[in-house]
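Notes follow the structure.
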Amino acid sequence: MEGPAILKEEVEHALSLMKQVKATGLDGIPVEVIKALEDLGISETTKLMNSIYKTGEIPEDMKKSIFITLPKNPGEPPYKNTSSNIDETIL
1 MEGPAILKEE VEHALSLMKQ VKATGLDGIP VEVIKALEDL GISETTKLMN SIYKTGEIPE
61 DMKKSIFITL PKNPGEPPYK NTSSNIDETI L
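The following block contains the structure:
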């Protein structure tokens, strides 16, 4: 892909917007760990994001996810046709 590289400051800003109580992904690494690593965590995350952006190839282990549906209200059918807003933070 072409375009400007992802800046370390952009990754730092995106991480600052992430809530610390979110569940971990399949890698088991909570956002708190990346934040606690400070400059090293931000630098390595920036390198990874730029590599993905440059090559257009996402590592296989990053393509996996687990999706668990939760009922909005107790007592409602588990698959009631409801919609909600989805917010995404893109690094």
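Start counting the sequence shown at 1; every next residue gets the next number (this note's numbering). Built from N, CA and C at the ideal position, the CB exists for glycine as well.
- Boundaries of the alpha helix (DSSP H) harbouring residue 46: 38-55, taken from the DSSP string.
- Each residue's CA atom was taken as its position, placing residue 42 and residue 73 some 38 Å apart.
- The alpha-carbon of residue 37 is positioned some 42 Å away from that of residue 75.
- For residue 6, the three-state secondary structure derived from DSSP is coil.
- Counting only the Cα atoms, residue 28 lies some 12 Å from residue 61.
- Non-local C-beta neighbours of residue 5 in its own chain, meaning closer than 6 Å and more than five positions away in sequence, comprise 50, ordered along the chain.
- By the CB criterion at 8 Å, residue 55 and residue 11 fall outside the cutoff.
- Collapsing the DSSP output to three states places residue 27 in coil.
- Of the candidates 65, 69 and 70, 65 places its Cα closest to the Cα of residue 26.
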